[in-house]
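*Asks:* Take the sequence shown: its letter number 101 is residue 123 in our numbering, and every next letter is one higher.
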Amino acid sequence: MHVSRILITLVVFAIGTWVGTASAQPAAPQPRFFVAPNGDDANAGTLEAPFATLERARDAVREWRVSNTTIQAGPVVVAVRGGIYFLNRTFVLSPEDSGTAAQPVVYAAYQNEKPVFSGGRLLTGMENKSGTWTVTLPEVAAGHWNFTRLSVNGGTRTRPRLPKKGYYYFSGEVEPTPANKDKGFDRVVFKPGDIRPDWQNLGDVEVVGFHIWSASRMRLAAVDGASNIATFTGATSRTADWTKWPRGGRFLVDNVKEALSEPGQWYLDRKTGVLTYLPLPGEMVDTAEVIAPRLGRLVELRGDLTHKKWVQHIMLRGLHFRHANWATPPAGQSAIQAESNLGAAVYALGARDCALEDSTVSQTGEYAVWLATACKRNRIDRCQMTDLGGGGVKIGEMNAFDDDDAVASDNLVRECLVAHGGRLHSAAIGVWIGHSPNNKVLHNDIVDLYYTGISPGWSWGYGRSLSHHNEIAYNHIRQIGQRVLSDMGGIYTLGAGDGNHLHHNLIHDVDSYGYGGWGIYFDEGTSNILAENNVVYHTKSAGFHQHYGKNNTVRNNVFALGREAQLMRTRPEPEHFTLNIHHNVVFYQGAPLLGSNWEGDNYRFDSNLYWRTDGEPVTFASQQTLEQWQTRGRDQNSLIADPLFVDASRHDYRLKPESPALKLGITSIDVSMAGRTCAQPYTGTMPRAFPEFESPPVEQK
23 MHVSRILITL
33 VVFAIGTWVG
43 TASAQPAAPQ
53 PRFFVAPNGD
63 DANAGTLEAP
73 FATLERARDA
83 VREWRVSNTT
93 IQAGPVVVAV
103 RGGIYFLNRT
113 FVLSPEDSGT
123 AAQPVVYAAY
133 QNEKPVFSGG
143 RLLTGMENKS
153 GTWTVTLPEV
163 AAGHWNFTRL
173 SVNGGTRTRP
183 RLPKKGYYYF
193 SGEVEPTPAN
203 KDKGFDRVVF
213 KPGDIRPDWQ
223 NLGDVEVVGF
233 HIWSASRMRL
243 AAVDGASNIA
253 TFTGATSRTA
263 DWTKWPRGGR
273 FLVDNVKEAL
283 SEPGQWYLDR
293 KTGVLTYLPL
303 PGEMVDTAEV
313 IAPRLGRLVE
323 LRGDLTHKKW
333 VQHIMLRGLH
343 FRHANWATPP
353 AGQSAIQAES
363 NLGAAVYALG
373 ARDCALEDST
383 VSQTGEYAVW
393 LATACKRNRI
403 DRCQMTDLGG
413 GGVKIGEMNA
423 FDDDDAVASD
433 NLVRECLVAH
443 GGRLHSAAIG
453 VWIGHSPNNK
463 VLHNDIVDLY
473 YTGISPGWSW
483 GYGRSLSHHN
493 EIAYNHIRQI
503 GQRVLSDMGG
513 IYTLGAGDGN
523 HLHHNLIHDV
533 DSYGYGGWGI
543 YFDEGTSNIL
553 AENNVVYHTK
563 SAGFHQHYGK
573 NNTVRNNVFA
583 LGREAQLMRT
593 RPEPEHFTLN
603 IHHNVVFYQG
613 APLLGSNWEG
623 DNYRFDSNLY
633 WRTDGEPVTF
643 ASQQTLEQWQ
653 TRGRDQNSLI
663 ADPLFVDASR
673 HDYRLKPESP
683 ALKLGITSID
693 VSMAGRTCAQ
703 PYTGTMPRAF
713 PEFESPPVEQ
723 K
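Spelled out as structure tokens, the structure:
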């Protein structure tokens, strides 16, 4: 660990929270109300006689503030004792629950205890019948409850899926039914036996089909065993080519009762209400903690948009949120990109100057946190978001509002861990920013997702975009894509994003199924963005790619060891200047330097250093030598030379003092501060949600 990281860690610890640590500051305010699992809402809310629920504590704060109108400095604190709280309903905070800058309202863990708020239900009465556990849930049989995830002893268990290993492949294409011909694709052609019309509970079987950069989870409506055509209850999000179910396209079949055979799998029969679970070795029915999610949204900060009354100055600190539900809708789940139509376990609308600190959100069905419409100046700080059905954080909306009050902006995501996302929805993103400006995403660890790490922007082409002046810096982004989807990036920008700044990010191990596993990816009209001082290595397609855009700058980065190329650009666009690439180090072997399309003269290269470690010559577009390339006005001041990294074998791409790159004006990049500085480096693992890469059979390509 570098000295700089140690110093920052000590500073962060020194200014840490006064509640939730064993060594609280002497001057720290005392909690005004207490909540405990063994409390009673009829109590006074003291340490000795705590409340049982957050709702009662919230109401007590309202009552106290009404009777104490004199402004007092310091927060109003609700201290929450450790233990598990099973929520009966979403905990809602409204404008009347707001604090002030001088007197915020804080819901915080008491000392170093761990309060867990579960959106699920503890299942009791399970019976062990010859190694198979069962329990009947009347609410399920009555049609009032359904769930797609299950927790046993703290770990997530899976539903039965086919095939047992790898993927199935569509064997043909078919047009959508007349009812959906203008909406999306609702039929597929499969090989005999891959989907069966005689399966029990056919309407609960789900086909998970992988498009290019998205996936759809569809319910079966009918299966024709003669023609091998399956029809869904709904259609994909569009009728565009990329939402088709093409011949050779991959799919999985989920929630098949007849496939229940492996330890750790479970099946919910919605007709009878019977949950069946096959235990893992060592699990005991009498002692197992089995929790099924029930609530989709655990916490909501609900402002009043109509009257512009906001939820303000509320902090949630040291709290743990688990078991948020999501059930496949009747028409299935399909989104154009980023699983953007999903909700979140912790949801805010019209929240101002609020914070989620030192908290965890895990075992969700959708995203972890969403700062939605009209959310401004909020913080998500030092949080952990893991085992996510969807992604980590959403900021803003898919709509570009004209009213600035409705635009989410100026929010902060800092020192967070987003890990093991996309467990139900593979196209979900670590941190997604829609039409939202002036946000900061700093010092986060984003690891193990199947699509993209961080994505600002939500406009295609050169249309209007409110995703501008966002800062994305000092993030450690890795294990992205993992050969499940395609057309992705460690950082992926979409549409015009004037003033967006990407710097000091460490990005590596980005691997797509087909094309497009890039480290930094400027897509669809990305304009006026600066990417500098980033280190990118081990990407499938290239360290950097620009589809098309205007006036973008890529400077003082290290791009290393791309497998297909190092730098890519797709669309020339001769009508305007597109891209300036200068003062970068490109370090590679066994693949071209430049990939895709570098026609035209509307871009600039200069003062870069190139080095190929396999002894082959460095060549540019159309296999030109540096001298030939320079005759086109490119790289006039660039060099081909060993950059003399500190230790390239360990991916330490700092420059030694004698590096020739320094003479070009390139500065050494220290990414030791990338990722969280307030915690040890994350080394956790979790089983894959989707199969390993495998090539389709030759006859189905």
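By construction, the Cβ of each residue, glycine as well, lies at the ideal position given by its N, Cα and C atoms.
Is it the case that the Cβ atoms of LEU631 and ALA663 are separated by a distance below 8 Å?
*Replies:* yes
*Asks:* According to DSSP, simplified to helix, strand and coil, what is VAL34?
*Replies:* Here the model assigns VAL34 a pLDDT of 37, short of 50, so the residue's position is not dependable and the matter cannot be decided.
*Asks:* What are the boundary residues of the alpha helix (DSSP H) that includes GLU161?
*Replies:* 160-163
*Asks:* Flag this pair as yes or no: are the beta carbons of HIS335 and ASP375 separated by less than 8 Å?
*Replies:* yes
*Asks:* Whole angstroms is fine: what's the gap from ARG324's alpha carbon to ALA373's?
*Replies:* Rounded to whole angstroms, ARG324 to ALA373 spans 7 Å at the Cα level.
*Asks:* Give the straight-line distance between the Cα atoms of ASP403 and HIS465, rounded to the nearest whole angstrom.
*Replies:* The alpha-carbon atoms of ASP403 and HIS465 are separated by roughly 10 Å.
*Asks:* Output the residue ranges of the alpha helix (DSSP H) runs that lie fully inside the segment 450-526 and measure 4 residues or longer, sorted by chain position.
*Replies:* Every candidate alpha helix (DSSP H) stretch fails here, since none sits fully inside the segment 450-526 while reaching 4 residues.
*Asks:* Rounded to whole angstroms, how far is the Cβ of GLY226 from the Cβ of ASN277, which I believe are closer than 8 Å?
*Replies:* Correcting the residue type first, residue 226 is Asp in the shown sequence and not Gly. So it is a contact: roughly 6 Å between Cβ atoms.
*Asks:* Thinking C-alpha only, which one of LYS266, ALA367, GLU284 and THR328 is nearest ARG316?
*Replies:* ALA367
*Asks:* Between the alpha carbons of PHE715 and TYR189, how many angstroms are there, rounded?
*Replies:* If I take the Cα positions, the gap works out to 9 Å.
*Asks:* Could you work out which residue in LYS293, LYS331 and ASN202 is closest to LYS398 when comparing CA atoms only?
*Replies:* LYS331
*Asks:* Indicate the three-state DSSP secondary structure (helix, strand or coil) for VAL196 in the structure shown.
*Replies:* In the three-state DSSP reduction, VAL196 falls in the coil class, being neither helix nor strand.
*Asks:* Can you check DSSP and say which residues form a bridge with THR548?
*Replies:* GLY571
*Asks:* So what's GLY176 in DSSP terms, helix, strand or just coil?
*Replies:* coil
*Asks:* Which two residues bound the contiguous alpha helix (DSSP H) that contains GLN650?
*Replies:* 648-652
*Asks:* Hey, SER660 and SER690: beta-carbon distance below 8 Å or not?
*Replies:* Cβ atoms of SER660 and SER690: not closer than 8 Å.
*Asks:* Below 8 Å on the Cβ atoms is my guess for ASP531 versus HIS560; work out the distance and round it to an integer in Å.
*Replies:* 5 Å
*Asks:* Report yes or no: do three or more beta-carbon pairs, one from the segment 293-302 and one from the segment 206-221, lie closer than 8 Å?
*Replies:* no
*Asks:* Can you tell which of LEU320, GLN658 and ILE494 has the C-alpha that lies nearest to the C-alpha of ASN460?
*Replies:* ILE494
*Asks:* Return helix, strand or coil for ALA95, following the three-state DSSP convention.
*Replies:* Residue state, collapsed to three classes: coil.
*Asks:* Does MET407 pass the burial test, meaning 16 or more other C-beta atoms within 10 Å, or should it be called exposed?
*Replies:* Per the 10 Å Cβ criterion, buried.
*Asks:* Quick check on the DSSP output: the beta strand (DSSP E) that includes ALA441 runs from which residue to which?
*Replies:* 439-441
*Asks:* Taking LEU87 as part of the alpha helix (DSSP H), name the residues at either end of that continuous run.
*Replies:* The displayed chain sequence assigns Arg, not Leu, to residue 87. Element bounds for ARG87: 76-89.
*Asks:* Here's a check: name, in chain order, each residue in its chain whose Cβ is nearer than 6 Å to the Cβ of ASN433, leaving out the five neighbours to either side.
*Replies:* Same-chain partners within the cutoff: LEU393, ASN400, ILE417 and ASN461.
*Asks:* Could you check whether HIS604 and PHE581 sit closer than 8 Å to each other, using their CB atoms as the reference points?
*Replies:* no
*Asks:* Could you give the C-beta distance for LEU488 and ALA237, rounded to a whole number, given that I count them as a contact under 8 Å?
*Replies:* Contact doesn't hold; Cβ gap of about 27 Å is too wide.
*Asks:* Roughly how many whole angstroms lie between the Cα atoms of TRP264 and ALA66?
*Replies:* 59 Å
*Asks:* From GLN94, LYS151, ILE217 and ALA353, pick the residue whose C-alpha is nearest to that of GLY256; which is it?
*Replies:* The alpha carbon of GLY256 has as its nearest neighbour, out of GLN94, LYS151, ILE217 and ALA353, the alpha carbon of ALA353.
*Asks:* Within its chain, find whatever has a CB closer than 6 Å to the CB of ARG656; leave out the 5 residues flanking it on each side and keep chain order.
*Replies:* PHE627
*Asks:* Just to confirm my understanding: we take GLY706, look at its own chain, exclude 5 residues before and 5 after, and list those with CB closer than 7 Å. What are they?
*Replies:* ALA441
*Asks:* Quick one: give me the first and last residue of the beta strand (DSSP E) that PRO137 is part of.
*Replies:* 137-140
*Asks:* Expressed to the nearest angstrom, what Euclidean distance is found between the alpha-carbon atoms of TRP155 and GLU149?
*Replies:* CA-CA distance, TRP155 to GLU149, rounds to 5 Å.
*Asks:* Given THR43, which residues of its chain have a CB within under 6 Å of its CB, disregarding the five upstream and five downstream residues?
*Replies:* Since pLDDT at THR43 reaches only 34, below the 50 mark, its modelled position is unreliable, and the value read off the structure follows with that caveat. Result list for THR43: empty, nothing under 6 Å.
*Asks:* Given this structure, state the Cα-to-Cα distance separating VAL333 from ARG78, to the nearest angstrom.
*Replies:* 18 Å
*Asks:* Measuring only the C-alpha atoms, how far is ASP424 from SER431?
*Replies:* 13 Å
*Asks:* Which class does ASP628 belong to by DSSP, given the choice of helix, strand or coil?
*Replies:* In the three-state reduction of the DSSP assignment, ASP628 falls in the strand class, which pools E and B.
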